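Below: the structure, in structure tokens.
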Amino acid sequence: MTELMLILGMAAVTFTPRYLPIALAGKAQIPPLLERAFAYVPIAVLTAIIAQTVLIRDGSVQMSLDNPHLIAAFAAFATALWKRHLFLTIAVGLVVYMICMSLL
Amino acid sequence: MNNPTQTRSGAFLNGARDTFPLILAAIPFGIVYGALAVAGGLSQAATLAMSLFVFAGSSQFIAVTLLASAAALPVIILTVFIVNLRHMLYAASLMPEVKSLPQRVRAILAFWLTDETYAVVANRINQQPNDPQLCWYWIGSAVAMYSNWVFCSWLGMTLGQQIPDLTSWGLDIAMVVAFIGIVVPSLKALPQWACALTAAVAAMASYDWPHQTGLLFSAVVAIAVGLLLEQKTVKAETAEAV
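Structure (structure tokens):
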């Protein structure tokens, strides 16, 4: 019973934030300022996730060259700047990561 | 990827394909979730039901961790709500794209809106604005993420404690490099660069805040910085034109 309540409750508080703006689209007029803010959402949230995943390893800040995530992320960043190609970026990042793991 | 006259099934498959590196990164988390949930006292049915009906990686992790520490039900629900607030930003930014879809389809798309699917869908919109098949691309990405997540939860639950610490294998690097490949091409001018830099610095400063509130905080501050600089640039250009 408690498990049922837990899952129903979690489903409700997960679905509502995902659905509410999508349900209202086309019905409510979006203020222009808000619409311009939306363009920054992917940059802001994904960069924050990247920073935390790369630099926080085992619960503390690891900003050193023996952090393979950091080196691979930097290689991917350079590739993306240079070629702007998604799959090349992913490939270079993964290969550099594997090299780092085998060396460190 | 760059074919404008695309069929529904083509868009579906492209969506699934573009999500592949993110699926790879999600595998160990799904397995570890399944193992942790059972170890924490959740029944097998509930462990699987959570993946099927909640479908939110970080929320499920936090829920089973809290459950193992005997937290009260309202505390768990409230925490999950806070963790999920960033999805509201995602959904809001996709409002212009779903305007003409029927409400039933919107509900399905919303249920499947994860970090991963949002990332590839936002990238798709950037590369191919006004794509009539965007809905199928989204569904393709979501179905791939969803089936992988449910399968991996089941696998972890079945394997239980026999599995080694998969999260230490570092498969999350696939997510990191995919997100980098998505974000970097959208850094077009100073406001976007400033937004990204702010997000990174704020995320570092707030990483130890409870329940991922640091992510939400970083996103809001970074969006504000981007907007503010954009506002200034626009004003400077208008002044020059006069």
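Protein chains in written order, with the numbering used here: chain A, -3 to 100; chain B, 534 to 775. The beta-carbon is built from N, C-alpha and C at its ideal position, and this holds for glycine as well. Quick caveat, the model's predicted, so the values are computed rather than measured.
When C-beta distances to chain B are compared with 7 Å, the residues of the segment 41 to 55 of chain A below that value are VAL41, LEU42, THR43, ALA44, ILE45, ILE46, ALA47, GLN48, THR49, VAL50, LEU51, ILE52, in chain order. Under DSSP, ILE52/A takes part in a beta bridge, and its partners are VAL57/A.
By the beta-carbon neighbour count (other beta carbons within 10 angstroms, threshold 16), THR43/A is buried. Around GLY693/B, the same chain offers ALA568, VAL571, ALA572 as residues with beta carbons nearer than 8 Å, after the five sequence neighbours per side are excluded. As summarised for the segment 559 to 634 of chain B, the continuous alpha helix (DSSP H) elements at least 4 residues long and confined to that stretch are 577 to 586, 590 to 601, 606 to 626, 628 to 631, given in chain order. At a cut-off of 8 Å between beta-carbon atoms, HIS744/B makes no contact with chain A. If you look at HIS65/A, you'll find it in the alpha helix (DSSP H) that goes 64 to 79. Residue contact check for LEU61/A against chain B: no CB pair falls below 8 Å. In the structure shown, the three-state DSSP call for ALA21/A is strand. In this chain, TRP702/B is not harboured by any alpha helix (DSSP H), its DSSP state being neither H nor E. Around LEU2/A, the beta-carbon contacts reaching into chain B at under 9 Å are LEU575, ALA579, MET583, ALA596, LEU600, LEU606, ILE609, ILE610. Note that the C-beta distance between ILE560/B and CYS668/B is not below 8 Å. At least one beta carbon of chain B lies nearer than 8 Å to the beta carbon of LEU16/A. In this structure, THR75/A lies near LEU84/A, with their beta-carbon atoms less than 8 Å apart.
For the segment 706 to 718 of chain B, the beta-carbon criterion of a distance under 9 Å to any beta-carbon of chain A is satisfied by ILE706, ALA707, MET708, VAL709, VAL710, ALA711, PHE712, ILE713, GLY714, ILE715, VAL716, VAL717, PRO718. In this structure, the straight-line span from the alpha carbon of GLY548/B to that of GLU773/B is close to 43 Å.
DSSP, read as helix, strand or coil, puts SER739/B in coil. Between the alpha carbons of SER751/B and ASP705/B lies a distance of about 21 Å. One Cα belongs to TYR566/B, the other to PRO554/B, and the distance between them is close to 19 Å.
Going by C-alpha positions, MET678/B is about 11 Å away from TRP671/B.
With its beta carbon at least 8 Å from every one in chain A, ASN681/B lies outside the interface. Using beta-carbon distances, GLU770/B does not count as an interface residue toward chain A, since no partner is under 8 Å. Taken in chain order, the members of the segment 549 to 571 of chain B whose beta-carbon sits within less than 7 Å of a beta-carbon on chain A are PRO554.
TRP682/B counts as buried, since no fewer than 16 other beta carbons sit within 10 angstroms of its beta carbon. In the three-state scheme derived from DSSP, where H, G and I count as helix and E and B as strand, THR552/B is classed as coil. Annotation: ALA578/B to LEU585/B spans about 10 Å, alpha carbon to alpha carbon.
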